[in-house]
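This report concerns only the one structure given below.
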Ligand code: SF4
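Residue numbers (the working numbering): 202 to 441.
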């Protein structure tokens, strides 16, 4: 049985060589984008559980920023204290906007960050962690630079994990320019035909390619940059 998650599928679509680096457990550098998203997600989980989320955020941010194991691999942008302060304020601002917008619509803590899996047949098991199963819909918390990069493939994959056609929303916390929060409905997730197309056109072909050890590089990808790819410093793929 091949186990495959949205993260792996997404990385493979960007650049198959990223998946090879991941599978080899090679050390990746960490960008502010990744740190902000991770700490933001952890904080929203704490908020859903009724914890004092601002205190949680500060502690988690400090913990992240002082972890020596990561420091040696951080991208250079991490060493700039002014940038660190800007990034921290951005994420905090977005978390404040989001929690205020949902103060009368709190998540059920039992339905936050749920690990789900789904047997797709042909020896493929789809796995994933869904941020929130809300009232009649699936929600994915997204800390993004722009809503234009949100993927309807991801939305379909989470509907598949949820057992079939579902109402799906990205709750996008957008960091670029004037930070703002925007819920985005993805109608493609409500059609069995679309979900079937994603299973047969994306998930299974990628799973079989990984199984066959097929990991070409994609140096033309927009995300093939030091800023966005954690493997930039060690990757020879970009020169091919
Ligand atoms: S540096 Fe470029 S080619 Fe190498 S893994 Fe990253 S995206 Fe792929």
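Even for Gly, the Cβ is constructed at its ideal location relative to N, Cα and C.
The residue from 416, 299, 365 and 349 with its alpha-carbon nearest to that of residue 337 is 365. Relative to the ligand SF4, even the nearest heavy atom lies 8 Å or more away from the CB of residue 408. 361 is the residue among 361, 411, 224 and 215 whose C-alpha sits nearest the C-alpha of residue 398. By alpha-carbon distance to residue 390, the top candidate from 367, 379, 375 and 376 is 367. The closest heavy atom of the ligand SF4 lies 8 Å or more from the beta carbon of residue 228. Scanning its chain for C-beta atoms nearer than 8 Å, with the 5 sequence neighbours on each side dropped, one finds around residue 315 the residues 330, 331 and 334, in chain order.
Relative to the non-hydrogen atoms of the ligand SF4, the Cβ of residue 418 comes within a distance shorter than 8 Å of at least one. Look at residue 357: its beta carbon is at least 8 Å from all of the heavy atoms in the ligand SF4. For residue 397, the enclosing alpha helix (DSSP H) covers residues 393 to 399. Unbroken alpha helix (DSSP H) runs of no fewer than 4 residues, entirely contained in the stretch 397 to 422, are found at 405 to 412, following chain order.
Taken in chain order, the complete beta strand (DSSP E) segments of 3 residues or longer contained in the stretch 361 to 391 are 369 to 375 and 381 to 386.
Contact annotation: the stretch 223 to 230 does not touch the stretch 283 to 298, with fewer than three C-beta pairs closer than 8 Å. DSSP places residue 243 outside any beta strand (DSSP E); the residue lies instead in the alpha helix (DSSP H), whose first and last residues are 233 to 249. Where residue 259 is concerned, the enclosing alpha helix (DSSP H) starts and stops at 254 to 266.
Residue 375 sits buried, since 16 or more C-beta atoms from the chains shown fall within 10 Å of its C-beta.
Of all alpha-carbon atoms in 219, 244 and 208, the one lying nearest the alpha-carbon of residue 425 is that of 219. Less than 9 Å divides the Cβ of residue 236 from the Cβ of residue 266.
Per the Cβ contact rule, the stretch 289 to 297 is in contact with the stretch 246 to 262 (3 or more Cβ pairs under 8 Å). Under the three-state reduction of DSSP, residue 227 is assigned to coil, being neither helix nor strand.
Closest in alpha carbon position to residue 259, among 377, 250, 249 and 241, is 241. Across the structure, residue 420 and residue 213 are spaced so that their CA atoms are roughly 13 Å apart. Residues 229 and 230 of the same chain have their beta carbon placed closer than 6 Å to that of residue 431, with the five preceding and five following residues left out of the count. Secondary structure at residue 306: coil, using DSSP grouped into helix, strand and coil.
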